[in-house]
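The numbering used here numbers the first residue of the sequence shown as 1256 and each following residue consecutively. We treat Cβ as the ideally placed atom computed from N, Cα and C, and that holds for glycine.
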Amino acid sequence: MEQIHYCSRCGFCRAVCPTLNEMDMNETYGPRGRVNLVKALEEGHLNESMALSMRIYTCTTCRACYFKCPARIEVDKIMEKTRTKLYKSKLTPSQLLEMEKSIIEEGNPFGMLKEERDKWMVD
Ligand code: SF4
Ligand code: SF4
């Protein structure tokens, strides 16, 4: 997590982030924004919340930003560690909890019944 202090806010990472692009360049859904949200959280300037969790969990961990970052900040690793904290605080987005339940109980992430697998499974 020490890496959160290395961000110079240069913005070189912004051009390659798929979620930033998808969210109409809303900074909080991009690498620079996410790193600085975690920094604010760690420094006590921000509280844990579901709104924060959505920003953290929507990172795809693709690492595209890592290859553009002069400081080689591993945003994906920072997101994974922050997700662990948010999970313990019961702030994981409900869609992911439903997916987790489906994997454990039905053996697939789609919410489909395992006994009906032959009906919904595509060749
Ligand atoms: S490229 Fe690296 S240092 Fe620059 S804003 Fe993005 S995360 Fe921060
Ligand atoms: S690892 Fe996350 S923040 Fe970095 S480019 Fe991919 S989606 Fe964006």
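Assignment of Leu1296 by DSSP, reduced to helix, strand and coil, places it in the helix class.
Residue environment: Arg1289 is assigned as buried (16 or more neighbouring CB atoms within 10 Å of its CB, all protein chains considered). Between the C-alpha atoms of Arg1372 and Thr1337 there is a straight-line separation of about 35 angstroms. Ranked by Cα distance from Arg1310, the options Glu1298, Glu1282, Cys1317 are led by Glu1282. If you draw a straight line from the Cα of Asp1331 to the Cα of Thr1315, it is about 8 angstroms long. If you draw a straight line from the Cα of Tyr1261 to the Cα of Met1334, it is about 15 angstroms long. Given a length threshold of 4 residues, each whole run of the alpha helix (DSSP H) inside the region 1338-1369 is given here in chain order: 1349-1361. Secondary structure at Asp1279: coil, using DSSP grouped into helix, strand and coil. Our two residues, Asn1276 and Ile1358, have alpha carbons roughly 30 angstroms apart in a direct line.
Within its own chain, the residues whose Cβ lies closer than 8 angstroms to the Cβ of Leu1292, once the five positions on either side in sequence are excluded, are Thr1283, Leu1301, Leu1307, Arg1310, Ile1311, listed in chain order.
Distance from the CA of Phe1365 to the CA of Met1354, rounded to the nearest whole angstrom, comes to 7 angstroms.
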